[in-house]
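S.K.: The numbering of the sequence shown is my numbering, which starts it at 107 and goes up by one.
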Amino acid sequence: MNNFIIVSGPTGVGKTDFVDRLYSVLAHPYEIINADVGQLYEPLTIGTAKPLYKDSAIPHHLFDVLKAPTSYTVSQWREQVVSIMHSLWERNVIPVIVGGSSFYISSLFFPPMAASPEQQLPVSWQNKSSLDLWQELDTIDTERARLLHPQDRYRIERALSLWYTQGKKPSECIPVFLAPGTCHFYYLTRDVADLYTRINERVLIMLEQGWIEEVRSLDDHWKQFLLEKKLIGYPDIVKYIAAGEDSVRDELEAVISQKTRNYAKRQLIFWRMLKKKLENHDPHGNFIKKIVELNLTGEGDNGSILEQLIDDSVLFKSF
107 MNNFIIVSGP
117 TGVGKTDFVD
127 RLYSVLAHPY
137 EIINADVGQL
147 YEPLTIGTAK
157 PLYKDSAIPH
167 HLFDVLKAPT
177 SYTVSQWREQ
187 VVSIMHSLWE
197 RNVIPVIVGG
207 SSFYISSLFF
217 PPMAASPEQQ
227 LPVSWQNKSS
237 LDLWQELDTI
247 DTERARLLHP
257 QDRYRIERAL
267 SLWYTQGKKP
277 SECIPVFLAP
287 GTCHFYYLTR
297 DVADLYTRIN
307 ERVLIMLEQG
317 WIEEVRSLDD
327 HWKQFLLEKK
337 LIGYPDIVKY
347 IAAGEDSVRD
357 ELEAVISQKT
367 RNYAKRQLIF
377 WRMLKKKLEN
387 HDPHGNFIKK
397 IVELNLTGEG
407 DNGSILEQLI
417 DDSVLFKSF
């Protein structure tokens, strides 16, 4: 049977540490597949909290695969991931998909609608800001708009295209459930105060590790790409560098921390909706063998979460 594991959760929750603990409980060989959009890009390491995968005994896939500042669609990611999953299954290896990019995770179960050739973007949109387009979407489909960041231009344009070319509200489109295999889904959470404290501390650590210098070393093409891509923190650092001596580092830290906390909040909202959709589309657990939310607050190295993983590992022996 083609089984796979997903480990997801909001930014800063501790996904990397959790996956490291799988090594001690899984009796079956496994390899890790990246589901974090920022970690696809080779030059972006500190600000994406990229794991030290090159030093790991476990093979990792889809890290540092993009050398140039170019976009990578959800469809492209899903196609590559499914291909990797099948190659691992042929070797009797469990794919473990790790990351917090919500639309990537969702696409494994609900493949994105293919863009039709006639879905050309109106020229007038080029003269509108991302916020203007988001507000337009909000008047059409508030439910969809509230799941998108006002600067997420790619998904905003995609949603508007669906409305204007097919007359369908994106939130009302019936998703096609097409899971690539049987999934054991672990979604990691923490108490809000705990999560926000971790986020604030992580932003500070990243800045101390040289996040600003990482961005400063990039050429202008990368910096422009980061302004458009809106990966958390990177656009703010690009602007900070451009402002020169007048910039205040403490303000930068506060802004990035706030935006990261807001992002984590959106991730949690998306997770609750995805969990409900998965349970509705697979009520008997034919494809979603396990879907569970694990609160890591108060967990040490030997807490009940690890005990649950040990119990679950019995399932994986039959993979």
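The beta-carbon is built from N, C-alpha and C at its ideal position, and this holds for glycine as well.
Using beta-carbon positions only, say whether E137 and L172 come within less than 9 Å of one another.
M.R.: Cβ atoms of E137 and L172: not closer than 9 Å.
S.K.: Quick check on the burial criterion: 16 or more other C-beta atoms within 10 angstroms. Buried or exposed for Q145?
M.R.: Answer is buried; the Cβ neighbour count reaches 16.
S.K.: Which same chain residues end up closer than 6 Å to G120 when comparing Cβ atoms and leaving out the 5 residues on each side of it in sequence?
M.R.: Contacts found: L402.
S.K.: Leaving out five residues on either side along the sequence, give the residues of the same chain with a beta carbon under 7 Å from the beta carbon of T50.
M.R.: Residue 50 falls outside the range modelled here, since the chain spans only 107 to 425, and no answer is possible.
S.K.: Per DSSP, what kind of secondary structure is S208 in: helix, strand or coil?
M.R.: Helix at S208.
S.K.: Rounded to a whole number of angstroms, what is the C-alpha to C-alpha distance between E196 and P286?
M.R.: The alpha-carbon atoms of E196 and P286 are separated by roughly 14 Å.
S.K.: For a test of the three-state rule: what should DSSP assign to P341, helix, strand or coil?
M.R.: Residue state, collapsed to three classes: helix.
S.K.: Which one of D123, E185, G339, V202 has the shortest CA to CA distance from N140?
M.R.: The shortest C-alpha separation from N140 is found at V202.
S.K.: Check for me: the beta strand (DSSP E) holding I139 runs from which residue to which?
M.R.: Per DSSP, I139 belongs to the beta strand (DSSP E) from 136-140.
S.K.: Can you check whether the CB of E263 is closer than 9 Å to the CB of L239?
M.R.: Yes.
S.K.: Kindly give me the distance between the Cβ atoms of Q373 and T117, rounded to whole angstroms, as I take these residues to be in contact under 8 Å.
M.R.: Indeed they touch by this definition, with Cβ atoms about 7 Å apart.
S.K.: Strictly by DSSP, which residues pair up with N109?
M.R.: According to DSSP, which records beta bridges pairwise, N109 is partnered with T288.
S.K.: Can you name the start and end residues of the beta strand (DSSP E) that I397 belongs to?
M.R.: Looking at the DSSP string, the run of the beta strand (DSSP E) that includes I397 is 394-401.
S.K.: Alpha carbon to alpha carbon, how far is W317 from I152? Give it in angstroms, no decimals.
M.R.: So the alpha carbons of these two residues sit roughly 6 Å apart.
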